[in-house]
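If you count the sequence shown from 1, position 124 lands on 127 in my numbering, and the numbers rise without skipping.
What follows is a set of notes on a single structure, which appears directly below.
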Amino acid sequence: MAHAESARKLWDLIKNIKIGMLTTVHDDGTLHSRPMATQKVEFDGDLWFFTLRNSEKVFDVQKDRNVNLSYAAPDEHRFVSVTGRARVKVDREKAAELWQPMLKAWFPKGLDDPDLALIRVKVDSAQYWDSSAAPIVHAIGFVKALAAGERYQPGENDTLDFRRGWLR
4 MAHAESARKL
14 WDLIKNIKIG
24 MLTTVHDDGT
34 LHSRPMATQK
44 VEFDGDLWFF
54 TLRNSEKVFD
64 VQKDRNVNLS
74 YAAPDEHRFV
84 SVTGRARVKV
94 DREKAAELWQ
104 PMLKAWFPKG
114 LDDPDLALIR
124 VKVDSAQYWD
134 SSAAPIVHAI
144 GFVKALAAGE
154 RYQPGENDTL
164 DFRRGWLR
């Protein structure tokens with residue numbers, strides 16, 4: 004799959020999932036996950052998140068840039084795991100571009116908050132499971148597999164690789 008196609012596929016899979024679980028690596032090698040709101044900007048290889056500069060996730064990212072983002076839409080039977088490299092950015096122009104009024108609940112000082120920062124995750128790859136077909140389609144597929152003695156394939160599972168030829 005071409006990079007533009009992969010980017011479009013990944014964005015289609017996650018754009019309506021408001022929260023992703025960002026997993027970072029602590030100093031001691033343990034993993035720590037926390038919910039983060041993915042900013043709604045057309046995916047171009049980067050995923051963006053607001054944070055505070057003195058947060059634990061920022062310290063984790065500064066020591067080990069490797070992160071994972073997990074997205075789930077269980078009602079739609081859609082799951083995505085994204086791996087990438089994170090960077091903390093203090094970029095007022097980008098923050099203004101991404102700013103949404105609801106962010107004031109987490110950042111009461113708004114764009115004027117001196118502790119406001121962004122985490123940019125450059126996606127390396129994404130694996131997804133998408134079984135969002137109608138329940139009747141799943142039922143028919145299940146019965147067919149059972150009758151034929153074959154393994155039931157409930158949907159699409161693939162890996163999107165952004166590492167080769169992706170601009171960094």
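Beta carbons are placed, not taken as given, at the ideal position from N, Cα and C, and that holds for glycine.
Only a predicted model underlies this, so the values are computations on that prediction, with no experimental measurement involved.
Under 6 Å Cβ to Cβ from residue i, same chain only, skipping five residues before and after it: list those, please.
i: Phe52; result: Met39, Ile122
i: Ile20; result: Tyr74, Ala76
i: Phe82; result: Ala75, Trp132
i: Ile17; result: Tyr74, Val83
i: Val85; result: Leu72, Val126, Ala129
i: Lys92; result: Leu121, Arg123
In terms of DSSP beta bridges, what is residue i paired with?
i: Gln130; result: Ser84, Thr162
i: Met24; result: Pro38, Ser73
i: Thr54; result: Ala120
i: Asp49; result: Lys125
i: Arg90; result: Arg123
In terms of alpha-carbon separation, which member of the options lies closest to residue i?
i: Arg37; options: Gly152, Lys60, Phe165; result: Lys60
i: Arg166; options: Met24, Glu96, Val126, Gly23; result: Val126
i: Arg90; options: Glu79, Leu34, Gly23, Arg56; result: Arg56
i: Gly87; options: Pro117, Pro111, Gln130; result: Gln130
i: Gly32; options: Asp67, Leu163, Leu101; result: Asp67
i: Ser134; options: Asp78, Trp109, Pro104; result: Asp78
i: Asp164; options: Gly48, Asp118, Phe110; result: Gly48
i: Lys97; options: Lys112, His80, Leu119, Val85; result: Leu119
i: Glu159; options: Leu106, Val124, Ala108, His80; result: His80
What does the Cβ neighbour count give for residue i, buried or exposed, with the cut at 16 atoms within 10 Å?
i: Ala10; result: buried
i: Arg65; result: Looking at the sequence provided, one finds Gln at residue 65 rather than Arg. Its Cβ having fewer than 16 others within 10 Å, Gln65 is exposed.
i: Ala151; result: exposed
i: Gln42; result: buried
i: Ala99; result: exposed
i: Thr54; result: buried
i: Ala7; result: exposed
i: Val70; result: buried
i: Val124; result: buried
Starting from the C-beta of residue i, find all residues in its chain whose C-beta is less than 7 Å away, skip the five residues before and the five after it, and write them out in chain order.
i: Asp63; result: Thr27, Val28, His29, His35
i: Trp102; result: Leu114
i: Phe110; result: Phe53, Asp116, Leu119
i: Arg95; result: Leu114
i: Lys107; result: Gly113
Quick one: what's got a C-beta closer than 8 Å to residue i's C-beta in the same chain, skipping five residues either side?
i: Glu45; result: Trp14
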